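Numbering (the numbering used here), first residue to last: 41 to 263. We put the CB at the ideal spot given by N, CA and C, even for glycine. Computed from a prediction, not measured in an experiment: that's the story for all the values here. Note sheet for the following structure.
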Amino acid sequence: MATPSSVSSTDKLTAFYYDALDFVERNRTLVIGIAAAIVLGIAGIFFWGQYKSGQEGTAAEDLRKVMPLYQAGTFDKAIAGDSTGVVGLKKIADQYSGTPSGNMAAVYLGNSYFQKNEIDNALKAFKSVSSSSDLISAAALAGEAACYEQKKDFKSAANAYRSAAGRISNAALAPVYLTDAARNFELAGDKDEAVKQLEKLKKDYPQASQARTADQSIVRLKS
41 MATPSSVSST
51 DKLTAFYYDA
61 LDFVERNRTL
71 VIGIAAAIVL
81 GIAGIFFWGQ
91 YKSGQEGTAA
101 EDLRKVMPLY
111 QAGTFDKAIA
121 GDSTGVVGLK
131 KIADQYSGTP
141 SGNMAAVYLG
151 NSYFQKNEID
161 NALKAFKSVS
171 SSSDLISAAA
181 LAGEAACYEQ
191 KKDFKSAANA
201 YRSAAGRISN
211 AALAPVYLTD
221 AARNFELAGD
231 KDEAVKQLEK
241 LKKDYPQASQ
251 ARTADQSIVR
261 LKS
């Protein structure tokens, strides 16, 4: 049996990941947390470990310093920075647009605006993300979807959730996105497309908890 000192950083990260997933599932009212809190917690660790020099190094350090404000829920300060010299998410996202940390800052910025119910600003921030990372791109798309859902633009929300699911093959996140896509397609009046998302969920992720209730939803949608 592995001792605490022999557990790899990957194993520790995996344990944190599933603890975070469990927390999110218990707090579904934090809609945007599904994407940003989980995905960026992992992606952030990766990128902060990989980029240590030049412009990206500065951006990563600024992002590290502002995260306590974000995690504390002081979103105004997280967005704009504070009097101690901490650079805000908006400046990081704007100044380092297109870099890994700039893209992460943009998603955290979108989430901050979302929590303040500034949905249009949140949507703008999510749309500014341009990343080669599937994880970050999926987080941004899920953020867009959550904004559209809040605006009751269910068709756009459904399409964005479907796109988010298509960017990743993660067995923990993709089923959530597919379920959310199905819900929004139904709300948009497109039951056939809702069924397609649930059938894809069953086929691609049969072990997911969402797959266990998909059959009931499919029967209801087809009735």
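Can you tell which of LEU213, PHE225, ARG223 has its C-alpha closest to the C-alpha of SER249?
Cα-wise, what sits closest to SER249 is LEU213.
Indicate whether the contact test is met: 3 or more Cβ pairs, each with one atom in the segment 111-119 and one in the segment 133-144, closer than 8 Å.
The segment 111-119 vs the segment 133-144: no contact.
How about TYR201 and ALA221: are their beta carbons less than 7 Å apart?
Yes, the Cβ-Cβ distance between TYR201 and ALA221 is below 7 Å.
For the candidate residues ILE258, ALA254, LEU181, ALA234, whose alpha-carbon lies nearest to that of ALA165?
Considering only alpha carbons, the answer is LEU181.
To the nearest angstrom, report how far apart ILE258 and ALA205 are at their CA atoms.
If I take the Cα positions, the gap works out to 19 Å.
Rounded to a whole number of angstroms, what is the C-alpha to C-alpha distance between ASN199 and GLN247?
Cα to Cα, the separation comes out at about 24 Å.
Determine the DSSP secondary structure at VAL216, reduced to helix, strand or coil.
Helix.
Where does VAL235 fall in DSSP's three states?
DSSP places VAL235 in helix when its eight states are reduced to three.
Nearest to TYR245 by alpha carbon, out of LEU103, GLN155, ALA211?
Closest option to TYR245, Cα to Cα, is ALA211.
Would you decide whether THR219 is buried or exposed? Buried here means 16 or more other CB atoms lie within 10 Å of its CB.
The residue in question, THR219, is buried, as its Cβ has 16 or more Cβ neighbours within 10 Å.
Starting from the C-beta of GLY150, find all residues in its chain whose C-beta is less than 7 Å away, skip the five residues before and the five after it, and write them out in chain order.
Within the same chain, GLY150 has close Cβ partners ALA162, ALA165, PHE166, GLY183.
Grouping DSSP H, G and I as helix and E and B as strand, with all else coil, what is VAL169?
Reduced to three states, the DSSP call for VAL169 is coil.
Hey, how far is the Cα of LYS231 from the Cα of LEU175?
The alpha-carbon atoms of LYS231 and LEU175 are separated by roughly 28 Å.
Would you mind giving the Cβ-Cβ distance between ILE132 and ALA145, rounded to the nearest angstrom? I have them listed as a contact below 8 Å.
Sure, about 4 Å apart at Cβ, within 8 Å.
For LEU121, does the three-state DSSP call read helix, strand or coil?
Here residue 121 turns out to be Gly, not Leu, going by the sequence shown. GLY121: strand per DSSP, three-state reduction.
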